[in-house]
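Undergrad:
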Amino acid sequence: MRRSRGLTAALVLSLAGAGTGIGLVLMPQASAITPPVAFTADELPTWQPDGIVFAMAQANGTVFAGGTFSAVRPPEGAAGAEQEAVNFVALDAATGKPTACKLAFTIGDGTATVRTLVVSKDKKTLYAGGYFGAVNGTPVSSLAAIDIASCTPKASFHPGFPATVRGLAVTDDTLYAAGDFNAVDGQTRERFAAVDAGSGALKPFVANVDEPGRAVEVTPDGKNVLLGGDFFTVNGTNSHALAVVNATTGAVTKTYGNIPSNSVVKDISTDETGFYTGHEGSGGGVFDGRIGLRLSDFTEKWRDRCLGATQFVLPYEGVLYSSSHAHDCSTELEFPDGKRNFLLAQPTNHEGAAPAPVDGFVRGPGKLGWHPTANDGLGEGIGPRVMAVADKNDVKYLWVGGEFTLINGKAQQGLTRFASTGDVGAPTTPVASAASVKPGEAQVRWRTSYDADDSKLTYRIYRNGSATPAATVTASSLEWERPQASWTDATVKAGQSYTYRVTATDDAGNTSALSAVASVTIPTSVQSYPNQVRADGANLYWRYDDTVSPYVADSSTGGNYSGVQFNAPALRQTPGAVSGASTAMGFNGTSQLVHGDRRQTVGNTFTVETWFKTNTTRGGKLIGFGNNTTRNSGSFDRHIYMTNTGRLVFGVYNGSARTVSTGLFETYNDNKWHHVVGTQGPGGITLYVDGQNKGSLNATSNAAYAGYWHAGGDNLSGWPTRPTSNFFAGQLDETAVYPTALTQAQVKNHFDLAKAPTDSVSAVKATEDTYINQGAPSTAYGTSTSLAVRGTSAYETYLRFALPAAPAGQVLKSASLQIKTSTQAGAGTADTVSVVPVTGTWSGAGTTFNTKPTLGTTPLGSIAGVPDGSAVHNVELDTAAVSAVLGGSYSLGLTSTGTDPLWIWSAESTAAEGTPQLVLTFGAK
């Protein structure tokens, strides 16, 4: 047992570097591999059995594992031959290799198995329980004592247990046992007993129960014994699955009646102030989780009601590690019913005040950022079953045993281990995007990364290819909850293009790869529709402009409620619902949807809004709230769905389905874009379509549950005029959720603004480029991957562009040249570089210093010095001059009067963002 350490707050925000802005991080409580989590999630090479490990103990740098197996073999790919190991193996804690200690647990009839191991307080004796009749040929009866130094069974220790022993606990002089037995040495002892730790003689302790005992533990003061199992009575007193009894007599000290009858206790562990139970059950209303209780009065502190058969609980330095196959932690406001999570960690106590009870129970402390993966494996398909902490050479090791056959996706059977040092796993690569809806602001957003043993990560945002981050943001995430983090760049200039890339770094310094490039051009005027949605207070805003799966960016100003694509909806569908370059997302009507990345609660005042286009005759849900993500939600409402005929229905649930729908002949499956809004507030619910009120109902409340927003599909079972399909077939765009009820005027304004004029941007890459070199006057550089500019001795660069004509009804609002300095040392310049028109003729293949073209005398723009380091730079150009040459071929020259050269990438390079380009922004006349 080790003293708990205090937990640190997990909500952290930091900003640093060039540029100002606001970093928004709203994350769950969590911690990194630094305290309180004590172990990495990186598995270490470990010998593995050919069966199942049920029991573990440790002493003096050696780990003992027992179970049902016949041999052990090296880890996958390692040298070494298989060794015989009959239901037991001793391994070096630091190397994971077998030691010289060999014990065979056998029985004459049936299948021998070791189910529990415990080491004496002086670390000299190993006690083993299970179902076996001999150890290395020495007769025993399901319980044995082993001298650790000599690795031999103590023949004089021979209590008679006629049935399986499942749990052991030891004090200085007493060994307590739990199991299936009804007698010991011929005397009645029903499922729990105590024997002398030295001689094995039966003690007067009597704690008879009516069903199997599975776990036993002694309180740290030695005065009481904690009993766990399947039982319903202890010494004739009602107490199901858990009880506290006197350590000397077995008299009942504390009973429990609030564990469901279909659940049992599988394990009990203690620390200095509390004890913890792991539970398993079957059937409806089952309890599969963990309970934290006080040692002072044996009352309950908290109850973690995750579903998934908890097999073992291990408190260590303030953290409760557990093995289970948790698949539904909805009651804990964590992951919904879905895939199995086998190894979890959570604080042993709540940080600060505990939350208010829900359904009569205080929720367990939130899960921490430690998440090695396993699988169901052999036997019952339980996965991990037992854990132990050992230390050697100042390194601590968390060992895990069970019936798994995979750890972290790699073949590894029955045994694995994790160290307190040596974190080598980098976070996943962030998925980033960037957007701007008004001059002077770029919003950089990314889905937070996942690191199996560090939930608090540091993100660095790199602008325009620079090696120096423009900002640093610290944000928290968990494997099952990876919400958006964001940073606003407030130093950007209208009409210029910017690129951003993001990395994630864990506490050990492991850094992910750079994210893919996220590009954005800053508009020269406010983009009316998205700006109004943000101004009206949307806290979720999915615009569907994403270029990669599975991330759906939240464009609201502060919500960071990003989405996750499921089953690959079609990206960047055009034209979108609103004017401009924004795109829509396409859904197949059978399996595709987007769900929120963060569980939340929604009150009785809200607005849901989306645009849609479809010709489906199978209906489907457009937007709604539900308590699952990729599976059908069990609780679901606050939704808008379409009937088979194309009518729209908006509804909430407050004990019954309360809905408003469009008229019998008001159908909207005409393959045109339509705007639909549903609101709830003190006045009830209202449905709007295309800016018009379609009806209201006095329903001012809805169902209270935590869940996720969905677009494109979720459960509709039991709702009026239910369509054939839960899933929507068609396109969605501009989906938004508000914590307020929008007014009719606001709804109508949104509908009208969808067609408001907006900027359009053309990024025109150079079609040809070269430079000339006075020092090599006859050499052409048209195939060079880099270009140069200098006054003396002269370098000049020439760029050719095929310029588009202005779109109908628009004029050029801004123009800029974008170039990227190369990676060679000293690529930047201290001199001013000018951009001028090329008036003469030239070609990449033929132009040399001796044949260089004539240049215009009036600069179109200039840049006063370029710093060293490969990065993108923008040069603002004379808009009127560029407007005059739209719709044709146009050449630009880059010149300087100084002696410090500038080196930039050419169109022939393969550098990211390396090709010179013109960024042209067009807007209304």
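To convert, count from 1 in the sequence shown and add 427; that's the numbering used here. No residue lacks a Cβ here, since even glycine has one placed at the ideal position from N, Cα and C.
#1: Assuming leucine 544 contacts alanine 555 (C-beta within less than 8 angstroms), just tell me the rounded distance between them.
#2: List the residues that DSSP assigns as beta-bridge partners of alanine 997.
#3: Taking all protein chains shown into account, decide if phenylalanine 1052 is buried (16 or more other Cβ within 10 angstroms of its Cβ) or exposed.
#4: Following the continuous alpha helix (DSSP H) through leucine 1180, name the residue where it begins and the one where it ends.
#5: What are the partner residues of tyrosine 1115, as DSSP defines its beta bridges?
#6: Using the three-state DSSP reduction, which class does serine 1187 fall into: helix, strand or coil?
#7: I want to know whether the stretch 910-922 touches the stretch 939-953 - three or more CB-CB distances under 8 angstroms.
#8: Kindly list the residues whose CB is nearer than 7 angstroms to the CB of asparagine 1081, restricted to its own chain and excluding five residues on each side of it in sequence; keep chain order.
#9: In its own chain, which residues sit with a C-beta less than 6 angstroms from the C-beta of phenylalanine 993, not counting the 5 before and 5 after it?
#10: Any idea what DSSP makes of glutamate 744, helix, strand or coil?
#11: Assess contact between the stretch 767-780 and the stretch 1062-1074, defined as three or more Cβ pairs (one per stretch) separated by less than 8 angstroms. Is contact present?
#12: Let me check one thing: in DSSP terms, what residues is threonine 1250 bridge-paired to?
#13: In terms of residues, what are the limits of the alpha helix (DSSP H) holding alanine 486?
#14: Where do the ends of the alpha helix (DSSP H) carrying valine 1309 lie?
#15: With distances taken from CA atoms, which of Pro1294, Gln1027, Thr1281 is nearest tyrosine 988?
#16: What span of residues does the alpha helix (DSSP H) with valine 960 cover, start to end?
#17: Under 8 angstroms: do the stretch 959-969 and the stretch 1152-1169 share three or more Cβ pairs, one atom per stretch?
#18: Pick out the complete beta strand (DSSP E) segments inside the stretch 551-575, 3 residues or longer, and give them in chain order.
#19: Go to tryptophan 797, then tell me how far its beta strand (DSSP E) extends in each direction, as first and last residue.
#20: I need the DSSP call for serine 876, collapsed to helix, strand or coil.
#21: Residue ranges of each alpha helix (DSSP H) run of no fewer than 4 residues wholly in the stretch 831-880, ordered along the chain?
#22: Using a Cβ-Cβ cutoff of less than 7 angstroms, which residues in the same chain neighbour serine 1108 once the five nearest sequence positions on both sides are dropped?
#23: What number of angstroms, rounded off, separates the C-alpha of isoleucine 1050 from the C-alpha of leucine 1124?
#24: Check whether the Cβ atoms of glutamine 1000 and alanine 1011 lie closer than 8 angstroms to each other.
#25: As a quick exercise: from Lys1048, Thr1043, Lys524, Asp1179, pick the residue whose alpha carbon is nearest that of tyrosine 1095.
#26: By Cβ distance below 8 angstroms, which residues in the same chain neighbour phenylalanine 559 in space, the five residues on each side in sequence not counted?
#27: Compare the Cα-Cα distances from leucine 1282 to each of Val1293, Leu1226, Ser1333 and report the closest residue.
#28: For lysine 837, is the classification buried or exposed, using 16 other Cβ atoms within 10 angstroms of its Cβ as the cut-off for buried?
#29: Does the distance from the CB of glutamine 510 to the CB of alanine 815 come in under 8 angstroms?
#30: If you compare alpha carbons, which of Phe702, Gly716, Ala527 is closest to proline 689?
#31: Can you list, in chain order, the stretches of the beta strand (DSSP E) that have 3 or more residues and sit fully within the stretch 621-683?
#32: Within 10 angstroms of its Cβ, does leucine 1091 collect 16 or more other Cβ (buried), or is it exposed?
#33: Only counting the same chain, and skipping five residues up and downstream in sequence, which positions put a Cβ closer than 8 angstroms to that of valine 597?
#34: Terminal residues of the continuous beta strand (DSSP E) containing phenylalanine 1039?
#35: Among residues of its own chain, excluding the 5 on either side of valine 1029, which ones have a beta-carbon nearer than 7 angstroms to its beta-carbon?
#36: Should alanine 1232 go down as buried or exposed, given a rule of 16 or more other Cβ atoms within 10 Å for buried?
TA: Let me spell this out:
#1: In the sequence shown, the residue the question calls residue 544 occupies position 117. In the sequence shown, the residue the question calls residue 555 occupies position 128. At roughly 5 angstroms, the Cβ-Cβ gap stays under 8 angstroms, so leucine 544 and alanine 555 are in contact.
#2: Residue numbering aside, residue 997 sits at position 570 when the sequence shown is read from its first letter. By DSSP's assignment, alanine 997 forms a beta bridge with Gly1013.
#3: Here residue 1052 refers to the residue found at position 625 of the sequence shown. Counting Cβ neighbours within 10 Å, phenylalanine 1052 comes out buried, since at least 16 surround it.
#4: Residue 1180 sits at position 753 when you count from the first residue of the sequence shown. Per DSSP, the continuous alpha helix (DSSP H) segment holding leucine 1180 begins and ends at 1171-1180.
#5: What you label residue 1115 is simply residue 688 of the sequence shown in a count that begins at 1. Beta-bridge pairing links tyrosine 1115 to Val1104, Asn1120.
#6: Reading the sequence shown from its first residue, position 760 is the one you call residue 1187. Residue state, collapsed to three classes: strand.
#7: Yes, since at least three Cβ pairs between the stretch 910-922 and the stretch 939-953 fall closer than 8 angstroms, the two stretches touch.
#8: For the purposes of this step, residue 1081 is identified with residue 654 of the sequence shown, where counting begins at 1. Within the same chain, Cβ atoms closer than 7 angstroms to the Cβ of asparagine 1081 are found at Ala1126, Ser1128, Asn1129, Ala1130, the five residues on either side in sequence being excluded.
#9: Your numbering for residue 993 matches position 566 in the sequence shown. Around phenylalanine 993: Leu1020, Thr1057.
#10: Within the sequence shown, numbered from 1, the residue matching residue 744 stands at position 317. Taken through DSSP and simplified to helix, strand or coil, glutamate 744 comes out as coil.
#11: No, the stretch 767-780 is not in contact with the stretch 1062-1074.
#12: Stepping through the sequence shown from its first residue, residue 1250 is reached at position 823. Threonine 1250 is not bridged to any residue.
#13: Taking the sequence shown and counting its residues from 1, one reaches residue 486 at position 59. Careful: alanine 486 lies outside any alpha helix (DSSP H), inside the beta strand (DSSP E) at 479-486.
#14: Here residue 1309 refers to the residue found at position 882 of the sequence shown. Taken as a continuous stretch (DSSP letters only), the alpha helix (DSSP H) holding valine 1309 covers 1306-1310.
#15: Position 561 of the sequence shown holds residue 988. Checked all of Pro1294, Gln1027, Thr1281; the closest Cα to tyrosine 988 is Gln1027.
#16: The residue given as residue 960 occupies position 533 in the sequence shown. Counting along the chain, the alpha helix (DSSP H) containing valine 960 begins and ends at 955-962.
#17: Yes, the stretch 959-969 touches the stretch 1152-1169.
#18: Correct list: 552-558, 570-574.
#19: Residue 797 sits at position 370 when you count from the first residue of the sequence shown. That residue, tryptophan 797, is in no beta strand (DSSP E); it is neither H nor E in DSSP.
#20: On the sequence shown, residue 876 is found 449 positions in, with the first residue counted as 1. It is coil, neither helix nor strand.
#21: Within the stretch 831-880, no alpha helix (DSSP H) run of at least 4 residues lies entirely inside it.
#22: Walking along the sequence shown from the start, residue 1108 turns up at place 681. In the sequence as presented, serine is not what sits at residue 1108; that position holds glycine. The answer, listed in chain order, is Thr1032, Ala1168.
#23: Here residue 1050 corresponds to residue number 623 of the sequence shown, with the count starting at 1. Here residue 1124 corresponds to residue number 697 of the sequence shown, with the count starting at 1. Within the model, the alpha-carbon separation for isoleucine 1050 versus leucine 1124 is close to 19 angstroms.
#24: The residue given as residue 1000 occupies position 573 in the sequence shown. The residue given as residue 1011 occupies position 584 in the sequence shown. Cβ distance < 8 angstroms, so glutamine 1000 and alanine 1011 count as in contact.
#25: Walking along the sequence shown from the start, residue 1095 turns up at place 668. It is Thr1043.
#26: Position 132 of the sequence shown, counted from the first residue, corresponds to residue 559. These residues qualify, in order along the chain: Asn514, Phe532, Thr533, Ile534, Ala539, Thr540, Val541, Val567, Ser569, Ala571.
#27: Counted from its first residue, the sequence shown places residue 1282 at position 855. Of the listed residues, the one whose Cα sits closest to leucine 1282 is Leu1226.
#28: Position 410 of the sequence shown, counted from the start, is the residue given in the question as residue 837. Exposed, by the Cβ-count rule.
#29: Residue 510 sits at position 83 when you count from the first residue of the sequence shown. Residue 815 sits at position 388 when you count from the first residue of the sequence shown. Contact flag unset, no.
#30: In the sequence shown, counting from the first residue as 1, residue 689 sits at position 262. The residue you asked about is not proline; residue 689 is asparagine in the sequence shown. Among Phe702, Gly716, Ala527, the Cα nearest to that of asparagine 689 is on Gly716.
#31: Listed in chain order, the complete beta strand (DSSP E) runs (minimum 3 residues) inside the stretch 621-683 are 640-645, 651-656, 669-673, 679-682.
#32: Taking the first residue of the sequence shown as position 1, residue 1091 is located at position 664. Leucine 1091 should be labelled exposed.
#33: As a first step, residue 597 must be located in the sequence shown, where it is residue number 170. Taken in chain order, the residues that qualify are Val545, Val546, Ser547, Lys548, Tyr554, Tyr603, Ala624, Val645.
#34: As a first step, residue 1039 must be located in the sequence shown, where it is residue number 612. Note, phenylalanine 1039: beta strand (DSSP E), 1033-1040.
#35: Taking the first residue of the sequence shown as position 1, residue 1029 is located at position 602. Contacts found: Phe1052, Arg1065.
#36: To locate residue 1232, count along the sequence shown from 1; it is residue 805. With fewer than 16 Cβ atoms within 10 Å of its Cβ, alanine 1232 is classed as exposed.
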